[in-house]
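Residue numbers are given in full-length UniProt numbering: position 10 of the sequence shown equals residue 10, and the series is strictly consecutive.
We put the CB at the ideal spot given by N, CA and C, even for glycine.
This one's a predicted model, so the numbers in the text were calculated from it and none came from an experiment.
The block underneath contains the structure these notes are about, expressed in structure tokens.
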Amino acid sequence: MLVEKRSTETREIVEAAERLLAESAAPRKAARDVKKACEPPHSSCAARNGLGVLARRVACESHESATPLVRVRKFTLRLGAFTSLEDVSFDIAKGKVTALCGPRGCGIAAMLDALGCTLPGARTVDMGGLIELCGHDAYRTLGAERAREKVARVFFGGSFELQSVRNAIAFSIRQRGVHDDAAIAAEINRVLRSLDAERRLGDHLDCAVSSLPALERCLASIARALAKRPLALLVSDPATGLDQVDSFTMSQALQSVARKTECAVVVATSDPRFARICADEGVVFVQGRTVEAGPLPKLNSASADYWTRAFFEGRIV
Numbered sequence: 001m002l003v004e005k006r007s008t009e010t011r012e013i014v015e016a017a018e019r020l021l022a023e024s025a026a027p028r029k030a031a032r033d034v035k036k037a038c039e040p041p042h043s044s045c046a047a048r049n050g051l052g053v054l055a056r057r058v059a060c061e062s063h064e065s066a067t068p069l070v071r072v073r074k075f076t077l078r079l080g081a082f083t084s085l086e087d088v089s090f091d092i093a094k095g096k097v098t099a100l101c102g103p104r105g106c107g108i109a110a111m112l113d114a115l116g117c118t119l120p121g122a123r124t125v126d127m128g129g130l131i132e133l134c135g136h137d138a139y140r141t142l143g144a145e146r147a148r149e150k151v152a153r154v155f156f157g158g159s160f161e162l163q164s165v166r167n168a169i170a171f172s173i174r175q176r177g178v179h180d181d182a183a184i185a186a187e188i189n190r191v192l193r194s195l196d197a198e199r200r201l202g203d204h205l206d207c208a209v210s211s212l213p214a215l216e217r218c219l220a221s222i223a224r225a226l227a228k229r230p231l232a233l234l235v236s237d238p239a240t241g242l243d244q245v246d247s248f249t250m251s252q253a254l255q256s257v258a259r260k261t262e263c264a265v266v267v268a269t270s271d272p273r274f275a276r277i278c279a280d281e282g283v284v285f286v287q288g289r290t291v292e293a294g295p296l297p298k299l300n301s302a303s304a305d306y307w308t309r310a311f312f313e314g315r316i317v
């Protein structure tokens, strides 16, 4: 009876500690509170040791999750005489969907190009500020070519749609140096599971991508990019041409990728409705500047910022 009671108390302590960590906005403080909560005065030495290990583990995981994968600070981009972006700052976390959103022409397409290191030739580009990937300057330290190995940009359409779904995904896998047929098949299955698309694409692996409905074509494009195992996945307007049901399915697929792969999913969209249903975090752009950033539930028509309210109310497009 005493053992059962002690086991119940220990389980309750662990659950309380995990809730405390989940609710805390300060990971290090939460870790200290967890450790304290895990060491009740009358607990046994074994329980203290076991729960202390839990505290250290969750504290470490919390610290890692709090460190952004991408940091953009005071970034400015000029293409020739035109200033596309000016004094832009925000963070992108791994394991979450971040929406870069704003009215058409606000600069989100240029920002996606900059994040993907796919800007035009250096003679026409003048950059200032910082884009940091995994703690390194993406342009000055890593270099654009090495940075592109860590980031995958999703391109819709193109000649790849003439291939079968299987071959389109396998092409990206082979680019990583994987050539064994069994390993490629296993990797294709992993990609489809990450997208929650086992049925939507798994039943059509030998069909040409171009023969599929709009949603499945978009999912095939994302799967092709995801097969590169990127740290960040960049997607531009994935809901274009989709009805409300398919848009919701697309949002769920992007959430699944972020959750199952810990990849940072970055979506550029001028559709406030899609931004709300697909993203955890949002960055609002207006005329090449960031006007507000934060959790999507706070970026809505009740925001204190005029431009954010106008965008989510549909008054600017």
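Rounded straight-line distance, which links the Cα of residue j to that of residue i
i	j	result
residue 262	residue 280	13 Å
residue 154	residue 305	31 Å
residue 313	residue 98	20 Å
residue 192	residue 275	23 Å
residue 183	residue 286	45 Å
residue 315	residue 177	49 Å
residue 140	residue 207	43 Å
residue 310	residue 187	43 Å
residue 108	residue 201	30 Å
residue 179	residue 226	17 Å
residue 136	residue 142	7 Å
residue 196	residue 85	35 Å
residue 166	residue 174	12 Å
residue 145	residue 151	10 Å
residue 301	residue 239	21 Å
residue 250	residue 243	10 Å
residue 299	residue 290	13 Å
residue 255	residue 67	20 Å
residue 194	residue 231	14 Å
residue 252	residue 88	28 Å
residue 308	residue 292	7 Å
residue 131	residue 119	13 Å
residue 79	residue 114	12 Å
residue 171	residue 288	36 Å
residue 204	residue 260	23 Å
residue 169	residue 106	33 Å
residue 190	residue 272	31 Å
residue 241	residue 181	35 Å
Residues sharing a beta bridge with residue i, DSSP
i	result
residue 92	70
residue 79	82 and 125
residue 290	285
residue 234	153 and 266
residue 295	281
residue 97	265
Selected residue, minimal CA-CA separation from residue i, among the options
i	options	result
residue 245	236, 278 and 224	278
residue 164	190, 158, 187 and 209	209
residue 221	158, 181, 309 and 127	158
residue 91	106, 71, 81 and 78	71
residue 198	290, 214, 213 and 219	219
residue 214	67, 127, 89 and 156	156
residue 160	190, 174 and 224	224
residue 318	127, 89 and 115	For residue 318 there is no data in the structure shown, the boundaries of the chain being 1 and 317.
residue 211	119, 162, 297 and 273	162
residue 297	282, 110 and 307	282
residue 96	149, 171 and 258	258
residue 228	205, 149 and 124	149
Spatial neighbours of residue i in its chain, beta-carbon cut-off 8 Å, leaving aside the 5 residues before and after
i	result
residue 317	103, 104 and 270
residue 112	100, 153, 234, 236, 266 and 268
residue 295	280, 281 and 282
residue 336	Residue 336 lies beyond the residue range present for the chain, which begins at 1 and ends at 317; the question has no answer from this structure.
residue 284	101, 102, 290, 291, 292, 293, 299, 305, 307, 308 and 311
residue 125	77, 78, 79 and 119
Spatial neighbours of residue i in its chain, beta-carbon cut-off 7 Å, leaving aside the 5 residues before and after
i	result
residue 129	73, 74, 75 and 76
residue 147	117, 133 and 138
residue 247	239 and 274
residue 110	77, 84 and 85
Sequence-distant residues of its chain with Cβ nearer than 6 Å to residue i (five each side left out)
i	result
residue 94	69, 262 and 264
residue 303	309
residue 185	none
Uninterrupted alpha helix (DSSP H) stretches inside the segment 170 to 209 (no shorter than 4 residues):
You should have 181 to 194.
In chain order, which beta strand (DSSP E) runs of at least 3 residues are fully inside the segment 99 to 168?
You should have 125 to 133 and 151 to 153.
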